[in-house]
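Residue numbers (the working numbering): 197 to 299.
Just so it is clear, CB atoms sit at the ideal spot from N, CA and C, and this is done for glycine as well.
Input: a single structure, listed below in structure tokens.
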Ligand SMILES: CC(C)(COP(=O)(O)OP(=O)(O)OC[C@H]1O[C@@H](n2cnc3c(N)ncnc32)[C@H](O)[C@@H]1OP(=O)(O)O)[C@@H](O)C(=O)NCCC(=O)NCCS
């Protein structure tokens, strides 16, 4: 969670989902699916990048093998994900599914 004083202005989560109840970005049972949100009046000020990097640090520490997500066509968030190392999953481009593998 991104917090300014006592106010929450953004949140990121990576959630393990079962194959029989997957999210839009489901890839595999060992790949938690991420979602990211920053409050409208705080966007464009680096909070989304900071949250995403924090999630990636946590994933490295926990030895998570990969993280997936889905991003709608035309959502500018895709630029952020590409800049932070996510790549399109071959064959899942139409669903906007991306994956990040810790280095
Ligand atoms: C996506 C989201 C989390 C980004 O948060 P943010 O705090 O604005 O992100 P940052 O300020 O760190 O910006 C990082 C990059 O995101 C990209 N970006 C994200 N939203 C953008 C927008 N509306 N317009 C242009 N670029 C945008 C830019 O590439 C930007 O990098 P730059 O400033 O170097 O060009 C935020 O816009 C959001 O909550 N959107 C609604 C929910 C959503 O779409 N979540 C993603 C679903 S997959």
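Of 254, 276, 248 and 223, the smallest CA-CA separation from residue 286 is found for 223.
Annotated three-state conformation of residue 225 is coil, per DSSP. Nearest Cα to residue 213 within the set 291, 227 and 280: 227. Excluding sequence positions up to five before and after residue 207, its CB lies within less than 6 Å of the CB of 197 and 233, all in the same chain and listed in chain order. C-alpha of residue 278 to C-alpha of residue 290: approximately 16 Å in a straight line.
The closest CA to that of residue 280, considering only 203, 264, 218 and 216, is found on 264.
Relative to ligand 1, the beta carbon of residue 234 is positioned inside 7 Å of a heavy atom.
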